[in-house]
Structure formats: C-alpha cells, structure tokens
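In the numbering used here, the protein residues as written are 25 to 423.
Take a look at the structure:
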C-alpha cells in the first residue's frame with residue numbers, strides 16, 4: 025500500500041486559512057503524496073503563501089493562473105497529477121491526520137473506485153456532524169437508475185461533496201475533463217452524477233475526516249445574491265439535462281427529477297434571502313458568451329432590465345456603456361443612473377439589448393430604434409426572458 029495520492033488544493037484569497045489546511049496535509053501519516061496548489065489569481069497573500077510551501081516540502085507543486093473559477097483551477101491542477109488516486113481539498117478546509125492512510129487501505133481492500141467519508145461543518149453558526157454508513161455499493165448498469173433516484177430523493181447513503189471523496193485518478197480525470205468551465209458552484213454534484221456510470225464499486229466509511237468551513241466570504245459561499253442564484257441554477261440545469269438525456273439514466277422518472285430540481289432551487293433561493301435580504305433575480309439572460317468583449321446599451325429599466333443589469337455587471341469582460349429607458353424618471357437605482365433616449369446612441373456600442381418581457385413591446389421598441397434612432401438591425405438583440413426558477417434547460421446536453 026504505497027500508491028501515490030495526488031491532492032489538488034484550489035486557492036483563492038484564503039491566506040488566513042491556508043496554513044491550517046496545509047498543516048493538516050503535512051501531518052498525514054500516509055507520506056506518498058503529490059500536493060498541487062493552484063492559485064486562481066488571488067488578490068491577497070495566498071500566492072506568496074503557496075510559493076513558500078514549495079520551499080518547505082518537495083512534494084508540493086504550485087500553479088499560478090488568472091482567475092477563472094473553481095472548475096478551471098481544478099483542471100489546471102489535474103494536468104500535473106501523476107498519482108493513482110486523487111483527493112480534492114479546498115484551501116479553507118482541513119483533514120484529520122489519518123485520512124489518506126485509512127482511505128487508501130480501505131480502497132485497496134474493497135477494490136473500490138471511490139471512497140466516501142463523513143465530515144464536520146463548523147463556523148457561521150452551522151456546526152454539525154455528517155457521517156455515513158460503513159458499506160460497499162456495487163454499481164451495475166441496471167442499478168444506476170435506482171442509485172441516482174435514491175440520491176435525488178433523499179441524498180441516500182451517498183453525498184456529492186467533493187472533499188469527502190478519494191477517486192481513482194483514471195475515473196476522475198476522464199469525467200472532470202468534460203466538466204463545463206461555466207460551472208461556478210456545486211461542481212461536485214455534477215461530477216459525481218457524471219462519474220457513477222464509470223464506477224464499479226463505492227465504499228463509504230463512518231469516519232468523519234473532513235472539517236468543512238462554513239463562511240460567507242468564501243469562494244463557494246459568497247459573491248452576492250445574484251451570482252449565487254445564477255451559478256447554482258446553472259449547475260442544477262446541467263445536472264437535470266445530463267440525467268434527462270443519458271440512456272443509462274432513462275428510467276429516472278420525471279417526477280423524481282423535477283421534484284429534486286425545484287426543491288434545490290427553492291432551497292437556494294431561500295438561503296440567499298436569509299443571508300442577504302436583497303433583491304433576488306427573477307429573469308436570467310441566456311448565452312452571455314456572445315457578449316464577451318462587447319459594449320452594450322441596455323434598453324429597459326423595469327424588472328427585466330434590472331435583473332439583466334445585475335447579471336451583466338458580474339462580468340468584467342462585458343461593458344454596459346448606457347442603461348436607457350423611454351421614461352427614465354420612472355426608475356431610480358442607487359447603483360446606476362438611467363438615461364433617456366436623447367443622445368443615448370451617439371456613444372460607441374456593439375449591441376442594444378432590449379430588456380422587456382412582452383414580445384409586442386419588444387417589436388415596437390425595435391422599430392423605434394431603427395426608424396427614429398438609426399440603430400442597425402444587426403445590432404439589436406431581444407430574447408424572450410425566462411424566469412430563473414421555472415425553466416429547466418432541456419436542450420442543453422452536456423457531454
């Protein structure tokens with residue numbers, strides 16, 4: 025029992041917590057480790073901390089990259105992995121000293137592809153213990169529907185938390201390479217659903233090894249209410265589409281899948297309302313990639329326009345150069361001044377986004393833009409807005 029275990033630790037502005045995480049890794053009784061720190065464009069002292077650790081332990085590799093999100097950070101670390109097994113640990117969490125040794129012994133004894141252990145939550149008034157049964161699950165093609173249905177209905181005996189699992193690298197690499205970079209939250213949920221068809225056996229143990237820090241300033245727990253809702257919604261839609269469109273999950277009933285998606289979305293909405301007490305979006309834009317690097321004029325300052333602006337403002341590579349409305353005095357937001365139509369289109373812009381719900385009104389605005397303000401048709405965009413909590417993306421079929 026001396027196969028190498030690779031530990032990927034994404035790091036983003038966690039300089040206050042990284043020492044505790046790293047001390048727990050250095051203290052592991054299992055020594056054949058490859059420790060990969062991925063600095064995802066941190067703006068605090070995390071980058072310097074990572075470089076110092078290289079001098080302390082020769083098992084450490086460091087990647088510095090532009091901020092691209094958790095998925096891109098894990099992928100960057102995955103490129104350096106040479107171990108037979110892989111463990112993902114967040115830079116603000118920590119593990120008990122015998123975690124790796126106990127898990128590898130059990131993995132090899134059971135000849136399993138994944139081992140799952142329990143975890144403690146702490147901080148933010150959310151202290152808790154989350155343990156498992158001691159069990160071995162044999163995953164057969166004919167049993168996949170039942171396993172996923174059980175997971176969706178009750179979480180069953182398997183959870184999806186990334187930091188509670190050690191995977192065989194072969195399986196994790198194959199699955200995670202297909203993970204969309206657009207996933208910002210709950211990548212562990214999607215990767216587990218994608219991995220199960222590749223797995224023959226999963227071991228669960230009662231030990232609670234992971235200490236999972238609950239904090240509202242962490243990368244996975246805070247951007248603001250808007251981004252949290254959108255990012256979580258995106259992941260749920262991907263999981264929904266994946267299960268819905270894969271033959272090996274064809275017997276998962278629509279009732280189970282729909283109930284799961286709705287309950288998760290409502291739960292997330294309530295969570296954000298609880299913590300932020302702020303406006304939670306109703307309308308979500310689609311296909312934002314087409315606007316990367318573009319200058320936009322947002323037309324419409326009502327409910328749709330408000331939600332569109334909040335979403336667009338999250339992206340550094342999309343510029344809203346004007347936010348206009350035919351009746352600007354009707355709307356007042358403390359974060360942006362709404363302009364009238366006079367001189368609105370004399371600035372440099374690439375597109376005018378019509379942000380209204382009614383197709384009839386959108387057509388009227390479109391005609392006014394071309395006839396009264398000389399805006400080219402090719403520069404005008406209107407998509408039927410959809411409510412973020414009512415539509416599941418069934419035509420999006422991830423690999």
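For glycine and all other residues, C-beta sits at the position ideal for the given N, C-alpha and C.
| task | Count the other CB atoms, across all protein chains shown, that sit within 10 Å of the CB of residue 123; report buried if there are 16 or more and exposed otherwise. | result | In the chain shown, counting from the first residue as 1, residue 123 sits at position 99. Buried: at least 16 other Cβ atoms inside 10 Å.
Cα-Cα separation, residue 247 to residue 255: Taking the chain shown and counting its residues from 1, one reaches residue 247 at position 223. Taking the chain shown and counting its residues from 1, one reaches residue 255 at position 231. Reliability fails at residue 247, whose pLDDT of 44 lies under 50, so the model's placement of it is uncertain and the value that follows must be treated cautiously. About 10 Å.
| query | What span of residues does the beta strand (DSSP E) with residue 347 cover, start to end? | reply | For the purposes of this step, residue 347 is identified with residue 323 of the chain shown, where counting begins at 1. Start and end: 343-348.
If residue 129 sits next to residue 28, beta carbons under 8 Å apart, how far is it from one beta carbon to the other, in whole angstroms?
-> If you number the chain shown from 1, residue 129 lands on position 105. If you number the chain shown from 1, residue 28 lands on position 4. Contact flag wrong, Cβ pair sits at about 15 Å.
Report the option in 117, 102, 72 and 329 whose CA atom is closest to the CA atom of residue 145.
For the purposes of this step, residue 145 is taken as the residue at position 121 of the chain shown. Checking every option, the nearest Cα to that of residue 145 belongs to 117.
- Task: Let me know if residue 284 comes out buried or exposed under the rule of 16 or more other beta-carbons within 10 Å of its beta-carbon.
- Result: Residue 284 sits at position 260 when you count from the first residue of the chain shown. So residue 284 counts as buried.
So, with DSSP's three-state summary, where would you put residue 362?
For this step, residue 362 is matched to residue 338 along the chain shown. Reduced to three states, the DSSP call for residue 362 is coil.
Worksheet entry | Per-residue DSSP class, three states only, for residue 260 | As a first step, residue 260 must be located in the chain shown, where it is residue number 236. Here residue 260 sits in helix by DSSP.
Are the segment 192-207 and the segment 72-84 touching, with three or more C-beta to C-beta distances below 8 Å? With the cut-off at 8 Å, the segment 192-207 and the segment 72-84 do not touch.
- prompt: Would residue 426 be called buried (16 or more neighbouring beta carbons within 10 Å of its own) or exposed?
  reply: Examination of residue 426 is not possible in this model, given that the chain is present from 25 through 423 alone.
Note to self: Does residue 282 come out as helix, strand or coil in the three-state DSSP assignment?
What the structure shows: Here residue 282 refers to the residue found at position 258 of the chain shown. Here residue 282 sits in helix by DSSP.
Per DSSP, cross-strand counterpart(s) of residue 83:
As a working mapping, residue 83 is identified with position 59 in the chain shown. Paired residues: none, contrary to the question.
Rounded separation between residue 26 and residue 186 - CA only
Stepping through the chain shown from its first residue, residue 26 is reached at position 2. Stepping through the chain shown from its first residue, residue 186 is reached at position 162. Distance between the alpha carbons of residue 26 and residue 186: 23 Å.
(request) Label residue 384 either buried or exposed according to how many other C-beta atoms from any shown protein chain fall within 10 Å of its C-beta, with 16 as the threshold for buried. (result) Here residue 384 refers to the residue found at position 360 when the chain shown is read from its first residue. With fewer than 16 Cβ atoms within 10 Å of its Cβ, residue 384 is classed as exposed.
Q: Check residue 63 in the structure and name its three-state DSSP category.
A: Counted from its first residue, the chain shown places residue 63 at position 39. Residue state, collapsed to three classes: strand.
Distance, Cα to Cα, residue 244 vs residue 354? Mapped onto the chain shown, residue 244 falls at position 220. Mapped onto the chain shown, residue 354 falls at position 330. Residue placement at residue 244 is poorly supported in this model, since its pLDDT is 44, which falls under 50; the coordinates are not used for a value here.
Legend entry - Nearest-angstrom Cα separation, counted from residue 229 out to residue 137: Along the chain shown, one-based indexing puts residue 137 at 113. Along the chain shown, one-based indexing puts residue 229 at 205. Residue 137 and residue 229: Cα-Cα distance of roughly 14 Å.
Report all residues from its chain with a CB closer than 8 Å to the CB of residue 281; omit the five preceding and five following residues, and keep chain order. Counting from one through the chain shown, the residue named residue 281 turns up at place 257. Closer than 8 Å at the Cβ level, and outside the excluded window around residue 281, lie 176, 264, 267 and 268.
Residue nearest to residue 359 in terms of C-alpha spacing, selected from 218, 126, 325 and 407:
Here residue 359 refers to the residue found at position 335 when the chain shown is read from its first residue. Ranking 218, 126, 325 and 407 by Cα distance to residue 359 puts 325 first.
Short of 7 Å in beta carbon distance, which residues of its chain neighbour residue 46, apart from the five on each side in sequence? Order them along the chain. Here residue 46 corresponds to residue number 22 of the chain shown, with the count starting at 1. For residue 46, where only same-chain residues beyond five positions count, the Cβ hits under 7 Å are 77.
Hey, which unbroken runs of the beta strand (DSSP E) at 3 residues or more fall wholly within the segment 156-196? The segment 156-196 contains these whole beta strand (DSSP E) runs: 159-162 and 189-192.
- request: Look at the alpha carbon of residue 86 and the alpha carbon of residue 306, and state the distance between them as a whole number of angstroms.
  value: Working through the chain shown from its first residue, we reach residue 86 at position 62. Working through the chain shown from its first residue, we reach residue 306 at position 282. Distance between the alpha carbons of residue 86 and residue 306: 41 Å.
Open item on the list: Suppose you measure from the CA of residue 352 to the CA of residue 289; what does that come to, to the nearest Å?
Closed with: On the chain shown, position 328 is the one that residue 352 refers to. On the chain shown, position 265 is the one that residue 289 refers to. Cα to Cα, the separation comes out at about 33 Å.
ask   = By a C-beta neighbour count over all protein chains shown, 10 Å radius and 16 as the cutoff for buried, is residue 387 buried or exposed?
value = Here residue 387 refers to the residue found at position 363 when the chain shown is read from its first residue. Around the beta carbon of residue 387, a 10 Å sphere encloses fewer than 16 other beta carbons of the protein chains shown; the residue is thus reported as exposed.
Between residue 397 and chain D, is any beta-carbon pair separated by less than 8 Å?
Annotation note: the requested chain D is absent from the structure, which comprises a single protein chain.
DSSP-derived helix/strand/coil call for residue 204: On the chain shown, residue 204 is found 180 positions in, with the first residue counted as 1. Residue 204: coil per DSSP, three-state reduction.
Q: Consult DSSP for residue 222 and reduce its assignment to one of helix, strand or coil.
A: Counting from 1 along the chain shown, the entry for residue 222 is found at position 198. Residue 222: helix per DSSP, three-state reduction.
Counting pairs of beta carbons, one from the segment 89-107 and one from the segment 217-233, are three or more of them closer than 8 Å?
no
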